[in-house]
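Data first, discussion second: the structure below is written as structure tokens.
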Amino acid sequence: MRLTLFRVLVPLTAAIVITACSGRDEQAAIDSAIAADSARDLARTGVDSAVQPELKDVPVTPPPQPKASAPRPKTNPPPKVNAPAPTPAPVIPAAPAPRTGTIASGSTLALTSGSKVCTNTHKVGDRFNASLTNSISGTNGVTLPAGAEVSIEITELKRSEDSKDNIVMGFRVVSITANGRTYTPDAEVVSASIDRVRSQKGGDDAKKVAGGAAAGAIIGQVLGRNTKGTLIGAAVGAAAGAAAASSTSDYEGCVNAGAAVSVRLTGPLTMTVAGN
Numbered sequence: 332m333r334l335t336l337f338r339v340l341v342p343l344t345a346a347i348v349i350t351a352c353s354g355r356d357e358q359a360a361i362d363s364a365i366a367a368d369s370a371r372d373l374a375r376t377g378v379d380s381a382v383q384p385e386l387k388d389v390p391v392t393p394p395p396q397p398k399a400s401a402p403r404p405k406t407n408p409p410p411k412v413n414a415p416a417p418t419p420a421p422v423i424p425a426a427p428a429p430r431t432g433t434i435a436s437g438s439t440l441a442l443t444s445g446s447k448v449c450t451n452t453h454k455v456g457d458r459f460n461a462s463l464t465n466s467i468s469g470t471n472g473v474t475l476p477a478g479a480e481v482s483i484e485i486t487e488l489k490r491s492e493d494s495k496d497n498i499v500m501g502f503r504v505v506s507i508t509a510n511g512r513t514y515t516p517d518a519e520v521v522s523a524s525i526d527r528v529r530s531q532k533g534g535d536d537a538k539k540v541a542g543g544a545a546a547g548a549i550i551g552q553v554l555g556r557n558t559k560g561t562l563i564g565a566a567v568g569a570a571a572g573a574a575a576a577s578s579t580s581d582y583e584g585c586v587n588a589g590a591a592v593s594v595r596l597t598g599p600l601t602m603t604v605a606g607n
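The sequence shown begins at 332 in the numbering used here and counts up by one.
Here's what the structure looks like:
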């Protein structure tokens, strides 16, 4: 038994020794190679191989973070106050429309001329005023008072060339002014007192014919007319007392200051009641 065990252990021990020796040889060869490499490295860099770099754990610096702004203190909103309702603008009552009335169409206005108008002293387009001699009432309390002014424009002027020729004077009603207001009426001049005045060469062109003044006044009150408001006086020969005038004389027609002029409304005249 012992012999057998000896026989087994001897070869096994020899194998282990051989293996150990072989391993030492291989390790020595490796260490020798490493030492040679280290020597070469040191020769290149001149750095002592015994000095080993000191390894330190350096913490990784995190990137800077933006600074957080300090939180704003919470403020309570101001208490809600109901705005007062706007004060409504004062209501100004509309002024009442002025009260009006009308003077009837066909009404006749008796006027007196405020100035002397003659065929040789005025021209077409000139105007003169005449005043109402008596008041005229209308509807709704309106009144066209006496003294109201009527503006009249001259539209035609023609003197008489001889005793058989007629004088022609044309007029147009422009406006009527009463109680501080001016109106534009539909109206026409239907008659006027026109005197015939003999033209005197080198003298007064507006001098009346001797002995014919009265006859001239009568002629002026009886006049023909047409739709244009043209007034035509009778010829001198038609009046008594005028035969003494020369048949070759020229005659001017004149509406003297204060002479009668008659106007008729051809449409209703709407007026504002006085005091409105």
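The beta carbon of each residue, even a glycine, is placed where N, CA and C say it ideally should be.
In this text the structure is predicted, and so the values were computed from the model without any measurement.
Query	Result
Any non-hydrogen atom of the ligand HEM closer than 7 Å to Arg-527 Cβ	For the ligand HEM, the structure offers nothing, since it holds no ligand at all.
C-alpha distance - Ala-569 paired with Gly-501, whole-angstrom precision	Residue confidence is low: Ala-569 scores 41 on pLDDT, short of 50, so the model does not pin down where it sits. No coordinate-derived value is stated.
Beta carbon of Asp-526 nearer than 8 Å to that of Leu-596	no
CB-CB length for Thr-464 against Ala-477, believed under 8 Å	6 Å
Runs of beta strand (DSSP E) wholly within the region 391-461 (minimum 3 residues, chain order)	431-434, 439-444
Rounded separation between Ala-523 and Ala-590 - CA only	7 Å
Residue(s) in a DSSP beta bridge with Ser-466	According to DSSP, which records beta bridges pairwise, Ser-466 is partnered with nothing at all.
Residue range of the unbroken beta strand (DSSP E) whose run includes Thr-498	Position check: residue 498 holds Ile in this sequence, whereas Thr was assumed. Element bounds for Ile-498: n/a, residue is neither H nor E.
Nearest residue (CA-CA) to Asp-581, options Ile-498, Val-504, Tyr-514, Thr-508	Ile-498
Option nearest Thr-513 by Cα separation, candidates Pro-409, Ile-423, Thr-601	Thr-601
Cut-off 8 Å between Cβ atoms - residues of its own chain near Arg-458, not counting five sequence neighbours on either side	Ser-482, Ile-483, Glu-484, Ile-485, Val-505
Simplified DSSP assignment, three categories, for Gly-584	strand
Selection from Gly-445, Ile-434, Leu-442 that minimises the alpha carbon distance to Ser-468	Ile-434
Inter-residue spacing [alpha-carbon to alpha-carbon] between Ala-414 and Pro-408	16 Å
Val-567 versus Asp-493: straight-line alpha-carbon distance, rounded	With a pLDDT of 47 at Val-567, under the threshold of 50, the modelled position of this residue cannot be trusted, and the question is left open.
Under 8 Å between C-beta atoms of Val-594 and Leu-488	no
Cβ-based burial, Val-592 [other Cβ within 10 Å; buried from 16]	buried
Distance between Ser-530 and Lys-495 (C-alpha atoms, nearest Å)	15 Å
Close Cβ partners of Ala-461 (< 7 Å) along its chain, the five nearest in sequence each way excluded	Leu-442, Thr-443, Ser-444, Gly-445, Val-481, Ile-483, Val-592
Pairwise C-alpha distance: Ser-466 and Ser-436	15 Å
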